[in-house]
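In my numbering, the protein residues as written are 569 to 724. We put the beta carbon where it would ideally sit given N, CA and C, even for glycine. Before any comments, here is the structure.
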Amino acid sequence: HDRGVPVGMIESAEGAEDFADFALWTAWFSHTDRPNADHSYTNEWPYAPGAGNDATGSAMIWSVIAMVLLVGAAGAAILLYKSVKLPEPSAEGISVPEPGDVSVFPSQRAALRFIPIAAGLFLAQVLLGGLLAHFYIERAGFFGIERIFGVHILQL
569 HDRGVPVGMI ESAEGAEDFA DFALWTAWFS HTDRPNADHS YTNEWPYAPG
619 AGNDATGSAM IWSVIAMVLL VGAAGAAILL YKSVKLPEPS AEGISVPEPG
669 DVSVFPSQRA ALRFIPIAAG LFLAQVLLGG LLAHFYIERA GFFGIERIFG
719 VHILQL
């Protein structure tokens, strides 16, 4: 199978029934119109014109209102922050050394080697998460990566 749930991923009849119930419920929930309304319970999300899911006017209006309020609130917060004069702490008698004049402790030097490791692990998490999300949609069309390792290795 190029798409969907691969053969053998669901191991029991009960698991298959649970998955079928979930798929049926989410499909019904995202496409069935609300009572006395012309849009679904999810406001026609996900957007899929072929399935009849188009963004409703009220969803678009409220999205614009939310964005205007977000930007306006951020602007008001910045304006409020800039309008208040906060007293500066006294710095008399304090000398701040230059970065080159500060000695580094051995524990700080030892911790430095973990920064690239943390960055590498974060990058691996992002890339493998994207690959896993892609595998749920299309299993056999991602530059042949599925031949190197399958979806099961990503679910560990």
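Distance between residue j and residue i (C-alpha atoms, nearest Å)
{"i": "Ser631", "j": "Pro614", "result": "15 Å"}
{"i": "Tyr704", "j": "Thr600", "result": "24 Å"}
{"i": "Val672", "j": "Met635", "result": "46 Å"}
{"i": "Gly640", "j": "Lys650", "result": "15 Å"}
{"i": "Pro657", "j": "Arg602", "result": "59 Å"}
{"i": "Ala619", "j": "Gly572", "result": "18 Å"}
{"i": "Pro667", "j": "Ala692", "result": "33 Å"}
{"i": "Ile633", "j": "Ala645", "result": "18 Å"}
Residue from the options whose Cα sits closest to the Cα of residue i
{"i": "Ala595", "options": "Gly583, Gly688, Pro603, Ser608", "result": "Ser608"}
Short Cβ contact (8 Å threshold) for residue i with residue j
{"i": "Asn604", "j": "Ala627", "result": "no"}
{"i": "Phe690", "j": "His702", "result": "no"}
{"i": "Phe587", "j": "Ile578", "result": "yes"}
Same chain, Cβ closer than 8 Å to residue i, five either side skipped, listed in chain order
{"i": "Gln622", "result": "In the sequence as presented, Gln is not what sits at residue 622; that position holds Asp. Glu612, Tyr615."}
For residue j and residue i, believed in contact at Cβ under 8 Å, the rounded distance
{"i": "Pro574", "j": "Arg707", "result": "6 Å"}
{"i": "Ile713", "j": "Leu699", "result": "7 Å"}
Own chain residues within Cβ distance below 7 Å of residue i, not counting five before or after
{"i": "Pro684", "result": "none"}
Residues near residue i by beta carbon distance below 6 Å, same chain, minus five either side
{"i": "His569", "result": "Note that His569 scores a pLDDT of 47, beneath 50, so its modelled location is shaky and nothing firm can be said."}
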